[in-house]
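Asker: Mind looking over this structure? Questions follow.
Residue numbers (the numbering used here): 20 to 137.
In structure tokens:
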């Protein structure tokens, strides 16, 4: 959970603070970068709230895992939609983020019973 919230916060802050510079470099509209940055911060906030809790109901871990897994098709869909205009860096950003977050979601799902605390 600490990896999830730390990674989300770092990526979110980086993308939001550099979106003007990243947009032409990645060949992606700034609005897409702002959207992904905000979503990363939202994920980070939720996973941080879980990481620091002494009690974590199973449903909250399931929700986090599902949310992470749901982000995969969003990232891949954005990559497919903007594939004709995005640079290799932009596609790597979107696909890489989707794979990383999806991997976190799978790990969280696999370890959901250990992560949950009543």
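The beta carbon of each residue, even a glycine, is placed where N, CA and C say it ideally should be.
1. Buried or exposed, going by whether 16 or more other CB atoms sit within 10 Å of the CB of residue 77?
2. Going by DSSP in three states, residue 71 sits in which element: helix, strand or coil?
3. Within the same chain, show all residues whose beta-carbon is closer than 7 Å to that of residue 130, passing over the 5 residues directly before and after it, in chain order.
4. Could you tell me whether the stretch 105-117 touches the stretch 90-97, using the rule of 3 or more Cβ pairs below 8 Å?
5. Out of curiosity, what's the CA-to-CA distance linking residue 116 and residue 137?
6. Please say whether residue 121 and residue 83 have beta carbons closer to each other than 7 Å?
7. Using CA coordinates, which residue listed in 85, 63, 32, 20 is at the minimum distance from residue 70?
8. Can you give, in chain order, each stretch of the alpha helix (DSSP H) that sits fully within the stretch 40-68 and has at least 4 residues?
9. Let me check one thing: in DSSP terms, what residues is residue 81 bridge-paired to?
Answerer: Working from what's here:
1. exposed
2. coil
3. none
4. yes
5. 31 Å
6. no
7. 20
8. none
9. Residue 81 is not bridged to any residue.
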